[in-house]
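Contents: one structure, followed by commentary.
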Amino acid sequence: MGPAAVSLRRVLDCRGGPHHWDAHRPRRRGVVLVSRGGCSGVRLRNPFGRKTKEFPSHLWTQCPSCGEMLFNKQLDRNHNVCQKCGHHFKLGALARIDLLADAKSFSETDADMVSSDPLGFVDSKPYPERIAAAQAKSGHKDAVLTGDAQISGIPVVLAVMDFEFMGGSMGSVVGEKLTRAAERAYSARKPLVIVSASGGARMQEGTIALMQLAKTVAAVARLDDAAIPFISVLTDPTTGGVLASFASLGDIILAEPGALIGFSGARVTSETIGEKLPKGFQRAEFLLEHGFVDQVVPRSQLKERIAFFLNAFRVAGQDLRWSL
């Protein structure tokens, strides 16, 4: 069983995603790929008997970068980072808060805000149905969680976006919660930390969603006027109207390795300017080289790095208008 388990990553090929196995790839003895109306798992055959052991696909995730088969529980313990190559998978809002905030220090605010349907928008399904489905999938009322927290003992206002909720899109609720978070940071004279993960403005709310760009920019501008620190953390992906508004205005802008960061997609950009884009375009490392972000920080070091900058701001604040 041991050698067969080790051979998992050698016989599985998820070119089409975690539920697509390559039937033409050579298989080693003792491994059977199981398909029931689609690929659903991996079965290891004991060469010394007839009994088989089936491993459901929800127990395993294949790294899209190196191809390593990762046990989901181990992946969770590693904060959704591949232990072999360091690929950063997406991380939900609650897991992100657990990673950054001190234990039991996060107190959520504006938790009951829910989007209305001001336009009566219908595409393949009505907008309220999309909201309900996203709430059931993510467990959140909308695409951002905000609240008061401590990071390494330093009081902050923390906002974390969740890509699982309609792609982290910014509509009226997201814009309002982020604005209130900035206003609370201003009133309490606390640093603001926002972790972004978004595809941009929410099209189902039309112009109302676009208004949130200006509203959030105005809110964080007040922090700048008052010399209150704002740290912006860009994760995969941070695109569209979110990047074009508050996410790019941090006093310190950090990014996770390999994060997709840009306004429009690479194909659209290439076709618009009529040029071939350079390698790594819109990735965190490319933006670091060109001065758009201050540091690319591995997830395991992110809390420590944020705390470092918060302490640096606190020392500088002795000569400015901000202090804890």
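Residues are numbered in our numbering as their position in the sequence shown, beginning at 1, plus a constant of 441. Idealized CB from N, CA, C, for every residue including glycine. This structure is a prediction, so every number in the text was calculated from the model and none was measured.
Helix, strand or coil at residue i according to DSSP, with G and I counted as helix
i: H499; result: helix
i: V756; result: helix
i: F671; result: strand
i: L728; result: helix
i: E605; result: coil
i: F722; result: coil
i: Q591; result: strand
i: M611; result: strand
i: E509; result: coil
i: A574; result: helix
i: S565; result: coil
i: G681; result: helix
i: E745; result: helix
i: V555; result: coil
i: E716; result: coil
i: Q736; result: strand
i: G647; result: helix
Closest residue to residue i among the options (Cα-Cα distance)
i: A667; options: Q653, K631, T713 and P739; result: K631
i: L535; options: R571, Q524, G561 and M602; result: M602
i: K407; options: K525, S506, W501 and C507; result: This structure leaves residue 407 out entirely; the chain is present only between 442 and 765.
i: H499; options: L516, L695, C507 and G508; result: L516
i: G527; options: L743, N752, E745 and P739; result: P739
i: E624; options: V597, P698 and A660; result: A660
i: G706; options: Q576, L684, G691 and L695; result: L684
i: T680; options: C507, S548 and F704; result: F704
i: D539; options: Q524, V756 and N519; result: N519
i: G580; options: K656, V597 and F604; result: F604
i: E784; options: V597, C504 and A662; result: Outside the shown range of the chain, which is 442 to 765, sits residue 784, and nothing can be said about it.
i: F733; options: I714, G691 and K717; result: G691
i: Q723; options: T713, P678, Q736 and E745; result: P678
Anticipated Cβ contact below 8 Å, residue i with residue j, distance rounded
i: S556; j: V614; result: 5 Å
i: S639; j: G609; result: 4 Å
i: D543; j: G588; result: At roughly 13 Å, the Cβ-Cβ gap does not stay under 8 Å, so D543 and G588 are not in contact.
i: R621; j: D551; result: 6 Å
i: V585; j: K618; result: 5 Å
i: G647; j: L560; result: 5 Å
8 Å Cβ cutoff met for residue i and residue j
i: V634; j: I669; result: no
i: I747; j: L541; result: yes
i: I702; j: A725; result: yes
i: A650; j: M611; result: yes
i: S686; j: V522; result: no
i: D553; j: K578; result: no
i: A696; j: L728; result: yes
i: F547; j: A590; result: yes
i: V636; j: R537; result: yes
Heavy atom of the ligand GDP within 7 Å of residue i beta-carbon
i: N752; result: With respect to small molecules bound, the structure shown includes none, and the ligand GDP cannot be examined in it.
Residue-level contact to chain C via CB, residue i, 8 Å cutoff
i: S689; result: In the structure shown, chain C does not exist; there is a single protein chain.
Any 3 or more C-beta pairs closer than 8 Å across the region 560-570 and the region 658-676: no
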